[in-house]
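To keep things clear, I will list the structure first and then write my remarks on it.
There are 2 protein chains.
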Amino acid sequence: MKENLSNLKKSARELYLLNRTQAVVSWDQETQMPDAANEERAEQLALLEGIMHQKLTSPEVGRLLSALGAEEGRPEGKGDFAVEDKAFVREMYRNYSRASKLPESLVTEMARQTGLAHTSWVNARKNADFSLFEGNLEKIIELNREKADKIGYKEHPYDALLDEYEPYMTASQVEGVFGPLGEKLSDLTARIAASKQVDTSFIEKKYPVELQDKFGRSVIDKMGFPMDRGRLDISAHPFTTNLGTNDVRITTRYDEELVLSGLFSNIHESGHALYELGIGENIQGNILAEGVSLGIHESQSRFWENVIGRSKPFWEVFYPEFQKLFGEQTKGVGLDDFHKAVNKVAPSFIRVEADEVTYSLHVILRFEIEKAMLSGDIKVSSLPDEWNRRMKDLLGIVPADDAEGVLQDVHWAAGLIGYFPTYALGNLYAAQFSNSMKSGIGDLDDVIRTGKFGKILGWLRENIHQYGMVYPADELCRRVTGENLNPDYFTDYLEKKYGEIYGLRGN
Amino acid sequence: MKENLSNLKKSARELYLLNRTQAVVSWDQETQMPDAANEERAEQLALLEGIMHQKLTSPEVGRLLSALGAEEGRPEGKGDFAVEDKAFVREMYRNYSRASKLPESLVTEMARQTGLAHTSWVNARKNADFSLFEGNLEKIIELNREKADKIGYKEHPYDALLDEYEPYMTASQVEGVFGPLGEKLSDLTARIAASKQVDTSFIEKKYPVELQDKFGRSVIDKMGFPMDRGRLDISAHPFTTNLGTNDVRITTRYDEELVLSGLFSNIHESGHALYELGIGENIQGNILAEGVSLGIHESQSRFWENVIGRSKPFWEVFYPEFQKLFGEQTKGVGLDDFHKAVNKVAPSFIRVEADEVTYSLHVILRFEIEKAMLSGDIKVSSLPDEWNRRMKDLLGIVPADDAEGVLQDVHWAAGLIGYFPTYALGNLYAAQFSNSMKSGIGDLDDVIRTGKFGKILGWLRENIHQYGMVYPADELCRRVTGENLNPDYFTDYLEKKYGEIYGLRGN
Numbered sequence: 001m002k003e004n005l006s007n008l009k010k011s012a013r014e015l016y017l018l019n020r021t022q023a024v025v026s027w028d029q030e031t032q033m034p035d036a037a038n039e040e041r042a043e044q045l046a047l048l049e050g051i052m053h054q055k056l057t058s059p060e061v062g063r064l065l066s067a068l069g070a071e072e073g074r075p076e077g078k079g080d081f082a083v084e085d086k087a088f089v090r091e092m093y094r095n096y097s098r099a100s101k102l103p104e105s106l107v108t109e110m111a112r113q114t115g116l117a118h119t120s121w122v123n124a125r126k127n128a129d130f131s132l133f134e135g136n137l138e139k140i141i142e143l144n145r146e147k148a149d150k151i152g153y154k155e156h157p158y159d160a161l162l163d164e165y166e167p168y169m170t171a172s173q174v175e176g177v178f179g180p181l182g183e184k185l186s187d188l189t190a191r192i193a194a195s196k197q198v199d200t201s202f203i204e205k206k207y208p209v210e211l212q213d214k215f216g217r218s219v220i221d222k223m224g225f226p227m228d229r230g231r232l233d234i235s236a237h238p239f240t241t242n243l244g245t246n247d248v249r250i251t252t253r254y255d256e257e258l259v260l261s262g263l264f265s266n267i268h269e270s271g272h273a274l275y276e277l278g279i280g281e282n283i284q285g286n287i288l289a290e291g292v293s294l295g296i297h298e299s300q301s302r303f304w305e306n307v308i309g310r311s312k313p314f315w316e317v318f319y320p321e322f323q324k325l326f327g328e329q330t331k332g333v334g335l336d337d338f339h340k341a342v343n344k345v346a347p348s349f350i351r352v353e354a355d356e357v358t359y360s361l362h363v364i365l366r367f368e369i370e371k372a373m374l375s376g377d378i379k380v381s382s383l384p385d386e387w388n389r390r391m392k393d394l395l396g397i398v399p400a401d402d403a404e405g406v407l408q409d410v411h412w413a414a415g416l417i418g419y420f421p422t423y424a425l426g427n428l429y430a431a432q433f434s435n436s437m438k439s440g441i442g443d444l445d446d447v448i449r450t451g452k453f454g455k456i457l458g459w460l461r462e463n464i465h466q467y468g469m470v471y472p473a474d475e476l477c478r479r480v481t482g483e484n485l486n487p488d489y490f491t492d493y494l495e496k497k498y499g500e501i502y503g504l505r506g507n
Numbered sequence: 001m002k003e004n005l006s007n008l009k010k011s012a013r014e015l016y017l018l019n020r021t022q023a024v025v026s027w028d029q030e031t032q033m034p035d036a037a038n039e040e041r042a043e044q045l046a047l048l049e050g051i052m053h054q055k056l057t058s059p060e061v062g063r064l065l066s067a068l069g070a071e072e073g074r075p076e077g078k079g080d081f082a083v084e085d086k087a088f089v090r091e092m093y094r095n096y097s098r099a100s101k102l103p104e105s106l107v108t109e110m111a112r113q114t115g116l117a118h119t120s121w122v123n124a125r126k127n128a129d130f131s132l133f134e135g136n137l138e139k140i141i142e143l144n145r146e147k148a149d150k151i152g153y154k155e156h157p158y159d160a161l162l163d164e165y166e167p168y169m170t171a172s173q174v175e176g177v178f179g180p181l182g183e184k185l186s187d188l189t190a191r192i193a194a195s196k197q198v199d200t201s202f203i204e205k206k207y208p209v210e211l212q213d214k215f216g217r218s219v220i221d222k223m224g225f226p227m228d229r230g231r232l233d234i235s236a237h238p239f240t241t242n243l244g245t246n247d248v249r250i251t252t253r254y255d256e257e258l259v260l261s262g263l264f265s266n267i268h269e270s271g272h273a274l275y276e277l278g279i280g281e282n283i284q285g286n287i288l289a290e291g292v293s294l295g296i297h298e299s300q301s302r303f304w305e306n307v308i309g310r311s312k313p314f315w316e317v318f319y320p321e322f323q324k325l326f327g328e329q330t331k332g333v334g335l336d337d338f339h340k341a342v343n344k345v346a347p348s349f350i351r352v353e354a355d356e357v358t359y360s361l362h363v364i365l366r367f368e369i370e371k372a373m374l375s376g377d378i379k380v381s382s383l384p385d386e387w388n389r390r391m392k393d394l395l396g397i398v399p400a401d402d403a404e405g406v407l408q409d410v411h412w413a414a415g416l417i418g419y420f421p422t423y424a425l426g427n428l429y430a431a432q433f434s435n436s437m438k439s440g441i442g443d444l445d446d447v448i449r450t451g452k453f454g455k456i457l458g459w460l461r462e463n464i465h466q467y468g469m470v471y472p473a474d475e476l477c478r479r480v481t482g483e484n485l486n487p488d489y490f491t492d493y494l495e496k497k498y499g500e501i502y503g504l505r506g507n
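Which chain is which? The protein sequence lines are A and B, in order.
Going letter by letter, the first sequence gives residues 1 to 507 in my numbering.
Going letter by letter, the second sequence gives residues 1 to 507 in my numbering.
Structural data, given as structure tokens:
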């Protein structure tokens, strides 16, 4: 048993190293590489992917897993191992069995179709004409259905896809959470819309990019982002990537006219990075050394971005420095007004620009549509109508065209079905975790007000980060909060915060 | 035959892509990565190396090569192929057979010993005490002798090692060239030392780094370095690396007090890069798509650095811009004096700081010592004495300690024996090529004086760059110049140039 485990760890170490190599190569592609090199770079990445697939699904890995007793229903095997070793076998089995079930022909066809779909999606969005993308999307849904069939599921094909991003969670669990959440958020959004609006004119002024960068770096430094174990660079779309135990990098983008966008990207991505940088030494350098699910990962980024970064005490600390850098732009704007502007809520069409209250409604809409497309309950051809109808239901607005409606996101063109829910799950986990944090470190606002975030980061490390993938998300949630995922923490948090900001009745 | 060739090309394509991936990962390590990530990054690189070795020495590659008729004495096989396909088989055979002959145990032991040696070398150099490095160097020489035995050679074990960096060249060929070269250079150096010295005080002033970068970028832009197919970054030691057909990057370093060092690094590395960027379309993306030997590679960098960059007409073009940027530092310094300062010659201890005349003497010394160590003619323990004696003979000076003597270079600690000669070969090829250039583009000085380098780059592309590894270095030399490597072109060039600068008799 011990020897099989140690041999399996050797194979896993190679997978780990190749995965980090891929991260280096991709990071370079997004931040440094001349555009002209793109085609060959894509080939480099595909080759690495192929080598990893081959190593993961090798007969040797299969033999070791089976010798360790890992099988359907008992993925952790039957070895009498420490908790992190059991988790290691479980995750290797999960990866191995998912990868082994997918025939190479399906993987290749998916790569081919998403290549074609990306081009047609870009074109369709540019022309605001869904019909130009429809055929390709149909193919992608078909292939995803086939993928789900190959992987297998108990209740709904969606489960097999969701499992890739939010392991061990099912569509019905998501539904159980999203149902009540959607109703409460729609209601809160409507009440806010009916109240007195906040002034945001001063944050729409021009803010020099160099000063934005200076301020942004000072904020993430105070959060605890270690520049000797990572970097901050510029890319077209902000992201976080793990290139090694001591090399986790974030990217951002600055726009002179969007000062908050760059800043909150920095904070958001730092939240992701701190998670990966906080992995415990006992699991560093192996396949458990990453976030356990995209939902939990997103909880870390959104906790820092929203719960911390958009809070009043945060700006009590940072607004003086902000005003010093941007005196002209903020002339005559008090802390209260600034904090309100940072938290403006309004129904809007584009998910990535949505505020903290309406954001999850965009996700719920996508989840429902994905699930119905996959089960065949709605046809791809009726997607624009379905989209617009649901926008009206959930947010009370209807997009003028497909570009600001059904065509806005890249995910489906990239073949990603089952990914969207993790964004909203992140909001829910973040609120539930920060509620539990109180008993550990006392009133969160008081801690933020000190301008020292070590206590907060320490709590996150101790309760969440160090475990990486050791505990599945649901188990982690129970360990940290004593209960299953419960959307009430999020809606309670929003009611309190926005009740104050918008002066809603009953607050 | 055709099918075997096409299958071999498929394998080679993977090797090509992995090689470029390795380049991405190494470039990042040198220019972007936080230091703390070094250990894990080294593991990533070792794993890639292992995967490449496995692919190169796979039974399938062996089978294809043998089916193509490639064997000792007929490395190009017996297929009736185009010249670049024959070259492709030849180089695959060469790589395959070198890699197959080395047992894994030897490769691992070499990696282990060079790891240890690097540490002891750093320590020995710091303490200027060769005895701290002696034992490790003995091991490395022993392993290199074993390596040479495994690979095989006709005349001297040195041949097997030299072949890695300067394929198909032998130690006796190098000797035939270095012998007369050494005598002539020692003589010229002595005559220069006895003449009136040039003033370099103004280039020892402080030159702001940002302006150095501005000027350096403007120079390599005019040389034809395409920023849309490459990059210029900062690293501890300047280097050029090929990350893909359209992604060749150079690095430099600037020091406020060493204005010429940064500038000539830029020019030197651009020379290397332009070679790799000029590979012909017919061999792009396969293993022939790089410089044919380190000597030829170095000829390109030194041609641009020395023949062009340290020429009078070059500074006729660029000195006005230089003066505009650095008015204070160059106040009262005329073009003639500046050009002389750029070409100051004096015997010195450190190879990498040596001038165009004395540089090759440093190389000749190292070549002789390496060869004698390998054959056992001199003992490692007597190295400091041997070194100092030869310095006296060749350059007329004796280092004060081992740090500025035998311990100055990293190469031996890194296991590189047989590498040094390529630096001097570069000088020789550069002079011989530029002599041939005349018949193609007319008087070189006249072309430089126009400030337009397209004609020069075009000639290099047409005659050298496009061929990559298609023609071995000696054949390439004959094709370009009509004769074998002949050191007289280099010494004639130096006599003429430095005769004028130093007002030597007979000039």
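We put the beta carbon where it would ideally sit given N, CA and C, even for glycine.
>> With distance defined between alpha-carbon atoms, name the residue in B:A12, B:K9, B:N4, B:A42 nearest to Q22 (chain B).
In response: Sorting B:A12, B:K9, B:N4, B:A42 by C-alpha distance to the C-alpha of Q22 (chain B) places B:A42 at the top.
> Checking contacts by CB at 8 Å: is P421 (chain B) closer than that to chain A?
Replying inline: No, its Cβ sits nowhere closer than 8 Å to a Cβ of chain A.
>> So I51 (chain A) contacts chain B; which residues on that side make the cut at Cβ distance below 7 Å?
In response: Taking a Cβ-Cβ cut-off of 7 Å, the neighbours of I51 (chain A) in chain B comprise I51, given in sequence order.
> So, is L274 (chain B) buried or exposed, given that buried needs 16 or more other C-beta atoms within 10 angstroms?
Replying inline: By the 10 Å Cβ count, L274 (chain B) comes out buried.
>> Is there a Cβ of chain A sitting closer than 8 Å to that of A36 (chain B), yes or no?
In response: Chain A contact via Cβ: present.
> Taking the C-alpha atoms as reference points, what is the distance between K184 (chain B) and A117 (chain B)?
Replying inline: Roughly 36 Å separates the two Cα atoms.
>> Which residues in chain A have a C-beta closer than 7 Å to the C-beta of T251 (chain B)? List them in chain order.
In response: Neighbours of T251 (chain B) on chain A: none; closest Cβ ~12 Å, over 7 Å.
>> Against Q54 (chain A), what residues of chain B qualify as contacts under a CB-to-CB distance less than 7 Å, listed in chain order?
In response: Within chain B, no residue comes near Q54 (chain A); the closest Cβ sits about 10 Å away, beyond 7 Å.
> Does G244 (chain B) get closer than 8 Å to chain A when you measure Cβ to Cβ?
Replying inline: For G244 (chain B), the nearest CB of chain A lies under 8 Å from its own CB, placing it at the interface with that chain.
> Looking only at its own chain, which residues have a Cβ that is under 7 Å from the Cβ of V447 (chain B), when we skip the five neighbours before and after it?
Replying inline: Result list for V447 (chain B): I441, K455, I456, in chain order.
> Helix, strand or coil: how does DSSP classify G309 (chain A) here?
Replying inline: DSSP places G309 (chain A) in coil when its eight states are reduced to three.
>> Please state the DSSP three-state secondary structure of D409 (chain B).
In response: DSSP, read as helix, strand or coil, puts D409 (chain B) in coil.
>> I need the boundaries of the alpha helix (DSSP H) containing N144 (chain B), first residue and last residue.
In response: From DSSP, the alpha helix (DSSP H) with N144 (chain B) extends over 131-151.
> If you drop the 5 nearest sequence neighbours on each side, which residues of the same chain put their C-beta closer than 6 Å to that of M110 (chain B)?
Replying inline: So the qualifying residues of the chain are L143, G415.
>> Counting only Cβ pairs nearer than 9 Å, list the residues of chain A close to D213 (chain B).
In response: The contacting residues do not exist; D213 (chain B) stays about 17 Å from chain A at best.
> What first and last residue would you give for the beta strand (DSSP E) that runs through G291 (chain A)?
Replying inline: Boundaries for G291 (chain A): no beta strand (DSSP E) harbours it, and the DSSP string shows neither H nor E there.
> Enumerated in chain order, which unbroken segments of the alpha helix (DSSP H) with a length of 4 residues or greater are wholly contained in the segment 177-244 of chain A?
Replying inline: As far as the segment 177-244 of chain A is concerned, its whole alpha helix (DSSP H) runs of at least 4 residues are 209-223.
> What three-state label does DSSP hand E248 (chain A) in the structure shown?
Replying inline: One point to set straight first is that residue 248 (chain A) is Val, not Glu, in the sequence displayed. Residue state, collapsed to three classes: strand.
> Cβ of T520 (chain A) less than 8 Å from any chain B Cβ?
Replying inline: As displayed, chain A neither begins before 1 nor continues past 507, which places residue 520 (chain A) out of reach and without an answer.
>> Check whether chain A comes within 8 Å of D28 (chain B), counting only Cβ atoms and requiring the distance to be less than that.
In response: So, interface residue.
>> Check this for me: beta carbons of P248 (chain A) and L277 (chain A), under 8 Å apart or not?
In response: This sequence places Val at residue 248 (chain A); Pro is not what is there. Yes.
>> Give me the chain B residues within the contact set of D80 (chain A), using Cβ-Cβ distance strictly less than 9 Å, ordered along the chain.
In response: What D80 (chain A) touches in chain B: nothing, since even the nearest Cβ is about 30 Å away.
> For R74 (chain A), which three-state DSSP category applies?
Replying inline: In the structure shown, R74 (chain A) falls within a strand segment according to DSSP collapsed to helix, strand and coil.
>> Please classify E483 (chain B) as buried or exposed, where buried requires at least 16 neighbouring CB atoms within 10 angstroms.
In response: Burial check for E483 (chain B): the Cβ neighbour count within 10 Å stays below 16, so the residue is exposed.
>> List, from N- to C-terminal side, the alpha helix (DSSP H) runs of 4 residues or more that fit wholly inside the segment 482-507 of chain B.
In response: Runs of the alpha helix (DSSP H) inside the segment 482-507 of chain B: 488-502.
> Once you ignore the five residues that flank N507 (chain A) on each side, which residues in its own chain have a CB closer than 8 Å to its CB?
Replying inline: Only weak support is given to the placement of N507 (chain A): the predicted model assigns it a pLDDT of 47, under 50, and the value that follows is read from those uncertain coordinates. Spatial neighbours of N507 (chain A) in its own chain (CB-CB distance under 8 Å, excluding positions within 5 residues in sequence) are listed in chain order as E495, K496, G499, E500.
> Looking only at C-alpha atoms, which of B:L504, B:A190, B:Y93, B:T31 sits nearest to P59 (chain B)?
Replying inline: Taking only the C-alpha atoms, the option nearest P59 (chain B) is B:Y93.
> Cβ of L17 (chain B) less than 8 Å from any chain A Cβ?
Replying inline: Yes, because at least one Cβ of chain A sits closer than 8 Å to the Cβ of L17 (chain B).
> Applying a beta-carbon distance threshold of less than 8 Å, which residues of chain B neighbour T21 (chain A)?
Replying inline: What T21 (chain A) touches in chain B, judged by beta-carbon distance under 8 Å, is T21, V25, Q44, L47, L48, going in chain order.
>> Check this for me: beta carbons of L428 (chain B) and F490 (chain B), under 8 Å apart or not?
In response: Cβ distance < 8 Å, so L428 (chain B) and F490 (chain B) count as in contact.
>> Please confirm whether G468 (chain A) has its beta-carbon closer than 8 Å to some beta-carbon of chain E.
In response: Protein chains in the displayed structure are A and B, and chain E is not among them.
>> Are there any heavy atoms of the ligand ZN lying less than 7 Å away from the beta-carbon of E164 (chain A), as far as the coordinates show?
In response: In the structure shown, the ligand ZN is absent, as is every other ligand, since no ligand is present at all.
>> Does the CB of E269 (chain B) have a neighbour CB from chain A at under 8 Å?
In response: So no, E269 (chain B) is outside the interface.
> Between the segment 190-209 of chain A and the segment 242-257 of chain A, are three or more C-beta pairs nearer than 8 Å?
Replying inline: Per the Cβ contact rule, the segment 190-209 of chain A is in contact with the segment 242-257 of chain A (3 or more Cβ pairs under 8 Å).
>> Please state the DSSP three-state secondary structure of M469 (chain B).
In response: M469 (chain B) falls in the coil class under three-state DSSP.
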